[in-house]
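All remarks here apply to the structure that follows.
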Amino acid sequence: MSLQQTEERIRELDKRISHTEDEDRLNELKKEKKRLLSEAYGNISSFDRVYLARKSTRPCVRDYIYRIFTDFIELHGDRLMRDDPAIIGGIAKLDEIPVTIIGHCKGKSINENLKFNFGMPNPEGYRKALRLMKQAEKFKRPIITFIDTPGAYPGLESEMHGQGEAIARNLMEMGSLKVPIIAIVIGEGGSGGALALSVADRIWMLENAVYSILSPEGFASILWKDASRAREAAELMKLTAYDLYERGIVDRLFGEPVGGLDEKSRSIYVRIKNALHSELAILSRQNPRTLVELRYKKYRSIGDCSAK
Amino acid sequence: MISLFKQRRQMLTRIKPARQRTQKSPVCVPKGIYTRCPDCKQDFLSDQIAAGLYVCPGCDYHMKLTAQGRIKLVVDKGSFHELNGRLQTTECLDFPGYSEKLSSLQAATGLNDAVLTGVCTIEGQKTVIAVMDSRFLMGSMGSVVGEKVTRAVEYATKKRLPIVIFTASGGARMQEGIVSLMQMAKTSNALSRHHKAGLLYISCLTHPTTGGVTASFASLGDIILSEPRALIGFAGPRVIEQTIRQKLPEGFQRAEFLLEHGFIDKIIKRSELRSTLGTLLKLHAPAARTRGGG
């Protein structure tokens, strides 16, 4: 049974629990719920994590911005074409430290999602992000990015306006920015769309976030011409936070409560804030040339074909 | 009836040796006495096609070239020296059937992966060169392609040489997962250093160049050239059609479309490729720049 199905059954049980008055029956139902919970979350599959990473009740970039930072001022536009709502960016304070924040914007309702294009940026979004990163470099502000996107938007206009060029430019420029960059994958890290904001000194990931070369559905449909085999693909793809940590791509994991993060989660913001403080203290002490050199080496060593 | 079978046998004996020659052919379409243009579907004598640099005499379609064929076409005779021709991946070999696929492709193409890299001269100008080959898993970029391109760029930076990269790729290689994705960052960062060293990078896009390669080194050339009608894009046309639920306009994502929208500098016919590269390299040669008052 998939996590999604189990969750439905738990919701059903909850309903029955609230309508039951008989003590014995109530205990029985509660026991059943406990069993289901431990069964479902004790043995969580990669595809279950994909499901959790995409859940609409999961905190989005705006939650992190407003709960970790103060004085956030959003800045808009790429100065070339338009403002892409799928990417949010601006300046804020991490306690007393001014920082630049950039992230993919997902919505929590269908209307919000239509507005933010489900977190799928167009070239203008990447160009806005690059403009804000260059600005951060000018004013020596560290950059914090929040990754949460199914991928770059595969549309007619996005191709016409140079989606490939925009992503490539970001990869190239981020590699040599002279300020610390920390990228945090909070939900879906989809393909080039995620990478274009995550060439960083540190890559962190939440326990139920995923980061992959493309969606499991896309992977299955290219490989087996059958998108319904996404579950199988997810296992093969090694896309969970644990897989990536083990592979040395991700530097730090943040645990999540049973069932994943939701609107009630609080501790995650405190933990991320503390981690940002301690890591920025380390990164800010480095001279900019060393910082860029170490970032180069970080990516240089991935897949360098040397014997392990 | 019997004569018909005889005829068939005769035909087969004629075709078979031609098929066996296929591997050495510098073009990606199977070679017989006749070659069919993949675009206009007309048949032409193979020798005629070869003499015409594998450009269709009927419709000017530029057929896909193998990496070796491309090298032969653009570099000065005997000047090519390969770099890192034996590199092997150490990534994700637990992907079902991937190792076997690599071995059989290596045997079939004579390449260790989807890119051939080295140093050469083009019209007397020394340059580093990398040529992708779409026969090798759609020219997809895994760790070996990423590493070879990165090493080629780093070599060029160290030796203060220009680099010319011919792209032909379906994007990042799925079998190596996230490591493939990271090659986009790795190659782009290497190019950033080459760029900052004041050196020339010419990117030559050939059919097809899509996905992770378009979204990394292919788009970062100081000068970006393309062969006529090459398909160039980030997302594949089928994915876009499914997303927007309408048919794409004629010529969408073709070289001519990109030229019109400002993403490439020039479309170069295959017959003019070598001379154009030669001219561009000469224009950026250190001596030329010094004379220019640098």
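Chains Z and X supply the protein sequences, listed in that same order.
Heads up: the first sequence begins at 1341 in the working numbering, then just goes up one per residue.
Heads up: the second sequence begins at 840 in the working numbering, then just goes up one per residue.
Cβ coordinates follow ideal geometry from the N, Cα and C atoms, glycine included.
(request) Check the Cβ of residue 934 of chain X against every Cβ in chain Z and list those closer than 9 Å, keeping chain order. (result) Neighbours of residue 934 of chain X on chain Z, chain order: 1576.
(request) Could you work out which residue in X:1088, X:1056 and X:989 is closest to residue 1639 of chain Z when comparing CA atoms only? (result) X:989
(request) Drop a sphere of 10 angstroms on the beta-carbon of residue 856 of chain X, count the other beta-carbons inside from all chains shown, and report buried for 16 or more, exposed for fewer. (result) The predicted position of residue 856 of chain X is uncertain, since its pLDDT is 45 and thus under 50; a value taken from the coordinates is nonetheless stated next. Exposed is the call here.
(request) Could you work out which residues of chain X lie near residue 1312 of chain Z, taking near to mean beta carbons separated by less than 7 Å? (result) Because residue 1312 of chain Z is not part of the residues shown, which for chain Z are 1341 to 1648, the question remains open.
(message) Less than 8 Å between the C-beta atoms of residue 1092 of chain X and residue 1072 of chain X, yes or no?
(response) yes
(request) Closer than 9 Å by beta-carbon distance: list the chain X residues that pair up with residue 1492 of chain Z, in chain order. (result) 1054, 1073 and 1074
(request) Check the C-beta distance from residue 912 of chain X over to residue 1112 of chain X and give it rounded, since I have them as a contact under 8 Å. (result) About 7 Å; that satisfies the 8 Å criterion.
(message) So, for residue 1419 of chain Z: in the same chain, excluding its five sequence neighbours on each side, which residues have a beta-carbon less than 7 Å away from its beta-carbon?
(response) Once the five neighbours on either side are set aside, the close Cβ partners of residue 1419 of chain Z are 1471.
(request) Quick one: which unbroken beta strand (DSSP E) runs of 3-plus residues sit fully inside the stretch 1432–1493 of chain Z? Chain order, please. (result) Runs of the beta strand (DSSP E) spanning 3 or more residues and lying entirely within the stretch 1432–1493 of chain Z occur at 1437–1444 and 1483–1489, in chain order.
(message) In this structure, how does DSSP classify residue 909 of chain X when only helix, strand and coil are distinguished?
(response) For residue 909 of chain X, the three-state secondary structure derived from DSSP is helix.
(request) Compare the C-beta of residue 968 of chain X against all C-beta atoms of chain Z and say whether one is closer than 8 Å. (result) False, the Cβ-Cβ gap to chain Z never drops below 8 Å.
(request) In angstroms with no decimal places, state the Cα-to-Cα distance between residue 978 of chain X and residue 1009 of chain X. (result) 6 Å
(message) Against chain Z, does residue 1069 of chain X count as a neighbour if the rule is that its beta carbon must be under 8 Å from one of theirs?
(response) Not closer than 8 Å to any Cβ of chain Z, the Cβ of residue 1069 of chain X fails to qualify, so no.
(message) Which residue wins for smallest C-alpha separation from residue 903 of chain X, given the options X:1007, X:1085 and X:910?
(response) It is X:1007.
(request) Answer yes or no: do residue 1460 of chain Z and residue 1533 of chain Z have a C-beta to C-beta separation smaller than 8 Å? (result) yes
(message) To test your reading of the DSSP string, which unbroken beta strand (DSSP E) runs of 3 or more residues are found completely within the stretch 1521–1591 of chain Z?
(response) Considered as a whole, the stretch 1521–1591 of chain Z harbours 1521–1530, 1542–1546 and 1550–1552 as its complete beta strand (DSSP E) runs of no fewer than 3 residues, in chain order.
(message) On the DSSP bridge list, what partners appear for residue 957 of chain X?
(response) X:921 and X:968
(request) State the beta-bridge partners of residue 884 of chain X as determined by DSSP. (result) X:873
(request) Spell out whether any CB of chain Z is found under 8 Å from the CB atom of residue 1082 of chain X. (result) yes
(request) Using the Cα positions of residue 1013 of chain X and residue 1645 of chain Z, report the straight-line distance between them to the nearest angstrom. (result) Those two C-alpha atoms are separated by around 17 Å.
(request) Can you tell me the Cβ-Cβ gap for residue 958 of chain X and residue 970 of chain X, rounded? I've got them flagged as a contact below 8 Å. (result) Actually they do not touch by this definition, with Cβ atoms about 13 Å apart.
(message) Given this structure, state the Cα-to-Cα distance separating residue 1360 of chain Z from residue 1371 of chain Z, to the nearest angstrom.
(response) 14 Å
(request) Quick one: give me the first and last residue of the alpha helix (DSSP H) that residue 1357 of chain Z is part of. (result) 1343–1359
(message) I'd like to know if residue 1024 of chain X contacts chain Z, where contact means its C-beta is closer than 8 Å to some C-beta of that chain.
(response) By this cut-off, residue 1024 of chain X is an interface position.
(request) Compare the Cα-Cα distances from residue 1141 of chain X to each of Z:1524, Z:1531 and Z:1511 and report the closest residue. (result) Examination of residue 1141 of chain X is not possible in this model, given that chain X is present from 840 through 1133 alone.
(request) Determine the contact status of residue 984 of chain X and residue 945 of chain X, defining contact as a CB-CB distance below 8 Å. (result) Contact flag unset, no.
(request) Please work out which residues of its chain come closer than 6 Å, Cβ to Cβ, to residue 1552 of chain Z, disregarding the five sequence neighbours upstream and downstream, and give them in chain order. (result) 1577 and 1579
(message) Could you check whether residue 1430 of chain Z and residue 1412 of chain Z sit closer than 8 Å to each other, using their CB atoms as the reference points?
(response) yes
(message) So, for residue 1095 of chain X: in the same chain, excluding its five sequence neighbours on each side, which residues have a beta-carbon less than 8 Å away from its beta-carbon?
(response) 1067, 1068 and 1106
(message) For residue 1050 of chain X and residue 1364 of chain Z, I'd like the C-alpha separation in whole angstroms.
(response) Approximately 60 Å, taken between the alpha carbons.
(message) I need the straight-line Cα distance from residue 933 of chain X to residue 888 of chain X, nearest angstrom please.
(response) 42 Å
(request) With DSSP collapsed to three states, give me the class of residue 1409 of chain Z. (result) coil
(message) Could you check whether residue 1075 of chain X and residue 962 of chain X sit closer than 8 Å to each other, using their CB atoms as the reference points?
(response) Against a cut-off of 8 Å, the Cβ pair of residue 1075 of chain X and residue 962 of chain X comes out as no contact.
(message) Judging by CA-CA distance, which residue of X:980, X:901, X:939 and X:879 is the nearest neighbour of residue 1024 of chain X?
(response) Of the candidates X:980, X:901, X:939 and X:879, the one whose C-alpha sits nearest the C-alpha of residue 1024 of chain X is X:980.
(request) Give the residues of chain Z in contact with residue 1028 of chain X, contact being defined as C-beta atoms less than 9 Å apart. (result) Against chain Z, a Cβ distance below 9 Å from residue 1028 of chain X picks out 1511, 1512, 1514, 1515, 1516, 1539, 1635, 1636, 1639 and 1640.
(request) Find the nearest neighbour of residue 1110 of chain X within the set X:890, X:871, X:885 and X:882, judged by alpha-carbon distance. (result) X:890
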